[in-house]
Amino acid sequence: MPSEQFAEQIAPLVQYLAPAITIGFAAIGAGTGIGFAGAKAVEGMARQPKHNASILKTMLIGQAVAESPAIFALVIAFVILLSGAGVPDAVAPVASAAAILGAAFAMGLSAIGSGFADGYVAGIACGAQARQPEHSGRITMTMLIGQALCESPVIFGLVIASMLLFGADLTGADQAGVMIVRCGEFLGAGLAMGAGAIGPALGISIVAGSAVYASAARPKAYGVVIRTMFIGVAVAESTSIYALVVAFLLFLGVAPG
Amino acid sequence: MEFEILPPLSRELGGFTIHYETVFMITVVTGLLVLFFWLLTRKLRPATEAPGRAQAMAELLVEAFDNLVESSMGAKRGRRYLPFIGTLFFFILFCNLVGLIPYTLGAERHLFGFEIPKPEEPTKNLNVPLGLAFLFLIIVHASAIKINGLKEYLWEYGSPPIMIKGKKFPNLPMIPLNIVGELGKAVSLPFRLFGNIFGGAVILTLGLTAAQPFLLFFLPVGLNLFFGVFVGTVQAFVFTMLAMTYIVVAVGDEN
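Listed below in structure tokens is the structure:
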């Protein structure tokens, strides 16, 4: 059965693999999204060369906010790599390694959806900015709100990752039976939240993007647009909340047997 | 100089754990808020004269929030929520910005017997955004119940209603969905603020510890500017806007 030596031996495997998973997956979404925003900004500038400065400003603000999911993932990667949280527990190394890998999946996968979502909304905002430059303030404000809503799934991923890293219940996990159960629970929680956050984030981004566009195309209907956006986003977000609930249940060990 | 990621200093007080640095910095933030706005409103001129510079700035700030709140909630109701929304924004903003104060400013000094801790954003401690979200939850649900009535409030959870023979029935499958949606709002609001600010603080600490000496020439300014000023301001704004919009969605228009 695993011993303290075993924990020392697998520590490098976990500590190097987990951050790689975290930031590697996160970069997929954020990179694509930010690139999309840049593309739409360039298109907008070609359409309206007079307003280059304001389009550039919107693009930079939107891209900076779209970095947030990747930054969350980077922080979790650093925490695993450089602090004691990423070292498998000496008493129950396999279960705690599973918890760390679960956290990596939760954070990395969930950042894919939100990263692209934030970038998509920023891109739509740049396009709207080019079409209606006089509504610049409102477009930027709606973009920021939309991006904040797109970040909910990755925040749930951050929550589950933090819980797995710092609060995993390892009592009795050095015995074979309990160890397998814990491994399944931690990896399951991580995968549930991670994969379950990709789709909802993309769905929220479609709603938010249209709301940003509509806020410029129909300024008089702004109140209706914003309220409908919130309702649409709430329903789109609900699937990620199901994932959060399942991840919680798995993490807390609420399962038969 | 040693940089460390430490949990907040805990002190025991009558069986409760108090995070000393967080409480100290919140007191500092409150003091700064009071000082800032007192200085802005010291010499108010009557409405017939042109305002001075400080007064013009104060009017700018208040008007900006007044327009924001009234355009979303209607004139009368908006005015009632203006103090909450405005204070929420400035409190979070000052909390996030106070982390820019240099590290060694309070080192090893004592004020009236209290040790001055390392200056850091109080929003870095999860309890602060959670506290703000708790406050927000109470305000939203109490407002909805008070303004719309308990029956209307409960109907919202069963919306949209099913019509059977002209009588409204609550939409049973939607009830868990609506409850879970409310929980989602309550969870995402504080964690967004916490994740951004705490993440920024961790990246700052790690970036400045691991940086090559020549990078330390511009890295501190660049990182602090982005994570401290930009992210801090955007997150304060986003928290406030989302809180206000959730209130509007829960309470409904003035018509």
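So the sequences go chain by chain: A and B.
All residue numbers for the first sequence refer to our numbering, where the first residue is 1 and numbers rise by one.
All residue numbers for the second sequence refer to our numbering, where the first residue is 1001 and numbers rise by one.
Beta carbons: idealized from backbone N, C-alpha and C, even for Gly.
Values in this document were obtained by computation on a predicted structure and should not be read as measured data.
**Message:** Would you say Ala18(A) lies against chain B (beta-carbon separation less than 7 Å)?
**Reply:** In the first sequence, counting from the first residue as 1, residue 18(A) sits at position 18. No, no contact with chain B.
**Asked** Any residues in the region 1151-1165 of chain B with a beta carbon nearer than 9 Å to a beta carbon of chain A? Which ones, in chain order?
**Response** Residues passing the 9 Å Cβ filter: none.
**Whole-angstrom distance between Ala128(A) and Met59(A), CA atom to CA atom** = Numbered from its first residue, the first sequence carries residue 59(A) at position 59. Numbered from its first residue, the first sequence carries residue 128(A) at position 128. C-alpha of Met59(A) to C-alpha of Ala128(A): approximately 11 Å in a straight line.
**Item:** Span separating the alpha-carbon of Thr22(A) from that of Ser1143(B)
**Value:** Looking up residue 22(A) in the first sequence gives position 22. Looking up residue 1143(B) in the second sequence gives position 143. Cα to Cα, Thr22(A) sits roughly 41 Å from Ser1143(B).
**Request:** Apply the 10 Å Cβ neighbour rule to Ile182(A) and answer buried if 16 or more other Cβ atoms are within range, or exposed otherwise.
**Result:** Within the first sequence, residue 182(A) is the residue found at index 182, counting from 1. Position check: residue 182(A) holds Arg in this sequence, whereas Ile was assumed. Buried, by the Cβ-count rule.
**Request:** With 7 Å as the threshold, decide whether the Cβ of Ile145(A) is near any Cβ in chain B.
**Result:** Here residue 145(A) is taken as the residue at index 145 of the first sequence, counted from 1. For Ile145(A), the nearest CB of chain B lies under 7 Å from its own CB, placing it at the interface with that chain.
**Item:** Thr228(A) to Leu1061(B) span [Cα, whole Å]
**Value:** For the purposes of this step, residue 228(A) is taken as residue 228 along the first sequence, with counting starting at 1. For the purposes of this step, residue 1061(B) is taken as residue 61 along the second sequence, with counting starting at 1. Taking the straight line joining both Cα atoms gives about 29 Å.
**Request:** Could you tell me the boundaries of the alpha helix (DSSP H) in which Ile1101(B) lies?
**Result:** Residue numbering aside, residue 1101(B) sits at position 101 when the second sequence is read from its first letter. No alpha helix (DSSP H) contains Ile1101(B), which DSSP labels as neither H nor E.
**Asked** Among Pro1190(B), Gly1207(B), Ile1138(B), Pro1117(B), which has the Cα closest to the Cα of Phe1084(B)?
**Response** The residue labelled residue 1084(B) in the question sits at position 84 within the second sequence. For Phe1084(B), the closest alpha carbon among the candidates Pro1190(B), Gly1207(B), Ile1138(B), Pro1117(B) is that of Ile1138(B).
**CB contact below 7 Å: Leu1223(B) versus chain A** = Indexing the second sequence from 1 puts residue 1223(B) at position 223. So, not an interface residue.
**Item:** Where Asn1067(B) falls, given that 16 or more other Cβ within 10 Å makes a residue buried
**Value:** If you number the second sequence from 1, residue 1067(B) lands on position 67. It counts as exposed.
**Asked** Within 6 Å: the Cβ of Ala26(A) and any heavy atom of the ligand SAM?
**Response** The ligand SAM is absent from the structure shown, which contains no ligand whatsoever.
**Message:** Contact between the region 66-73 of chain A and the region 112-120 of chain A is defined here as three or more beta-carbon pairs at a separation below 8 Å; is this criterion met?
**Reply:** Output reads yes: the region 112-120 of chain A touches the region 66-73 of chain A.
**Asked** List, in order along the chain, the chain A residues whose C-beta lies closer than 8 Å to that of Phe1136(B)?
**Response** Counting from one through the second sequence, the residue named residue 1136(B) turns up at place 136. The contacting residues do not exist; Phe1136(B) stays about 14 Å from chain A at best.
**Message:** Here's a check: name, in chain order, each residue in its chain whose Cβ is nearer than 7 Å to the Cβ of Ala1186(B), leaving out the five neighbours to either side.
**Reply:** Position 186 of the second sequence holds residue 1186(B). Excluding residues within five positions, the ones whose Cβ falls inside 7 Å are Ala1133, Leu1137.
**Prompt:** If the cut is a Cβ gap below 8 Å, which residues of chain B does Ser152(A) touch?
**Reply:** As a working note, residue 152(A) is residue 152 in the first sequence. Residues of chain B passing the Cβ test: Gly1184, Ser1188, Arg1192.
**Message:** Assuming the contact rule is C-beta atoms closer than 8 Å, Cys126(A) and Lys220(A) should be a hit. Round their C-beta distance to whole Å, please.
**Reply:** Indexing the first sequence from 1 puts residue 126(A) at position 126. Indexing the first sequence from 1 puts residue 220(A) at position 220. Approximately 23 Å separates the beta-carbon atoms of Cys126(A) and Lys220(A); this is outside 8 Å, ruling out the contact.
**Message:** So, with DSSP's three-state summary, where would you put Phe230(A)?
**Reply:** Counting from one through the first sequence, the residue named residue 230(A) turns up at place 230. Note: Phe230(A) maps to helix in three-state DSSP.
**Request:** State yes or no: is the C-beta of Leu1032(B) within less than 7 Å of the C-beta of Phe1094(B)?
**Result:** As a working mapping, residue 1032(B) is identified with position 32 in the second sequence. As a working mapping, residue 1094(B) is identified with position 94 in the second sequence. Yes, these two residues count as a Cβ contact at 7 Å.
**Prompt:** Taking contact to mean at least 3 C-beta pairs separated by less than 8 Å, is the region 94-111 of chain A in contact with the region 172-192 of chain A?
**Reply:** Touching, yes.
**Candidates Phe1218(B), Phe1037(B), Thr1245(B): closest to Val225(A) by CA position** = Translated into the one-based positions of the first sequence, residue 225(A) becomes position 225. It is Thr1245(B).
**Request:** Check the Cβ-Cβ distances between Leu1097(B) and every residue of chain A, and say whether any is below 7 Å.
**Result:** What you label residue 1097(B) is simply residue 97 of the second sequence in a count that begins at 1. False, the Cβ-Cβ gap to chain A never drops below 7 Å.
**Item:** Enclosing alpha helix (DSSP H) for Phe1169(B) [first to last residue]
**Value:** Within the second sequence, the letter at position 169 stands for residue 1169(B). Here Phe1169(B) belongs to no alpha helix (DSSP H); instead the beta strand (DSSP E) covers 1167-1169.
**Message:** Less than 7 Å between C-beta atoms, sequence neighbours within five positions excluded: which residues of the same chain meet that for Met163(A)?
**Reply:** Along the first sequence, one-based indexing puts residue 163(A) at 163. Cβ neighbours of Met163(A) within its own chain (closer than 7 Å, five residues either side excluded): Phe251.
**Message:** Please tell me whether Leu1061(B) has its Cβ less than 7 Å away from any Cβ of chain D.
**Reply:** Looking for chain D here will not work: the only protein chains present are A and B.
**Asked** Can you tell me the Cα-Cα spacing of Glu151(A) and Ser1188(B), whole angstroms?
**Response** Walking along the first sequence from the start, residue 151(A) turns up at place 151. Walking along the second sequence from the start, residue 1188(B) turns up at place 188. Across the structure, Glu151(A) and Ser1188(B) are spaced so that their CA atoms are roughly 8 Å apart.
**Member of Val42(A), Gly29(A), Tyr120(A), Leu81(A) whose CA lies at the smallest distance from the CA of Tyr213(A)** = One-based indexing of the first sequence puts residue 213(A) at position 213. Restricting attention to Val42(A), Gly29(A), Tyr120(A), Leu81(A), the CA atom closest to the CA of Tyr213(A) is found in Tyr120(A).
**Prompt:** Are Ala197(A) and Ser136(A) close, meaning C-beta to C-beta below 7 Å?
**Reply:** Here the question's residue 197(A) lines up with position 197 in the first sequence. Here the question's residue 136(A) lines up with position 136 in the first sequence. No, the pair does not count as a contact, with Cβ atoms beyond the cut-off.
**Request:** Identify which residue in Val1023(B), Gly1252(B), Ile1026(B) has its Cα closest to the Cα of Lys1146(B).
**Result:** Along the second sequence, one-based indexing puts residue 1146(B) at 146. Looking at the Cα atoms, Gly1252(B) is the closest of the given residues.
**Request:** Taking only beta carbons into account, state which residues of the region 65-90 of chain A come closer than 8 Å to chain B, listed in chain order.
**Result:** Of all residues in the region 65-90 of chain A, Val65, Ser68, Ile71, Phe72, Leu74, Val75, Phe78, Val79, Leu82, Ser83 have a Cβ within less than 8 Å of some Cβ in chain B.
**Cβ-based burial, Val1034(B) [other Cβ within 10 Å; buried from 16]** = Position 34 of the second sequence, counted from the first residue, corresponds to residue 1034(B). Counting the other CB atoms within 10 Å of its CB gives Val1034(B) a total below 16, which places it among the exposed residues.
**Message:** Please state the DSSP three-state secondary structure of Glu67(A).
**Reply:** By 1-based counting over the first sequence, the position of residue 67(A) is 67. Coil.
**Message:** Since Met1241(B) and Ile145(A) should fall inside the 8 Å C-beta cutoff, what is the C-beta to C-beta distance between them, to a whole number of angstroms?
**Reply:** Mapped onto the second sequence, residue 1241(B) falls at position 241. Mapped onto the first sequence, residue 145(A) falls at position 145. Between Ile145(A) and Met1241(B) the Cβ distance is about 6 Å, and since that is below 8 Å, they are a contact.
**Asked** So, helix, strand or coil for Ile1162(B), using DSSP?
**Response** What you label residue 1162(B) is simply residue 162 of the second sequence in a count that begins at 1. In this structure, Ile1162(B) counts as strand in the three-state DSSP scheme.
**Prompt:** Exposed or buried, Phe166(A), counting other C-beta atoms within 10 Å across all chains shown (16 or more means buried)?
**Reply:** As a first step, residue 166(A) must be located in the first sequence, where it is residue number 166. The residue is exposed, with fewer than 16 neighbouring Cβ atoms inside 10 Å.
**Request:** Rank Gly29(A), Thr140(A), Val42(A), Ile160(A) by C-alpha distance to the C-alpha of Leu244(A) and give the top, closest one.
**Result:** Position 244 of the first sequence, counted from the first residue, corresponds to residue 244(A). Put simply, of Gly29(A), Thr140(A), Val42(A), Ile160(A) the residue whose alpha carbon is nearest the alpha carbon of Leu244(A) is Ile160(A).
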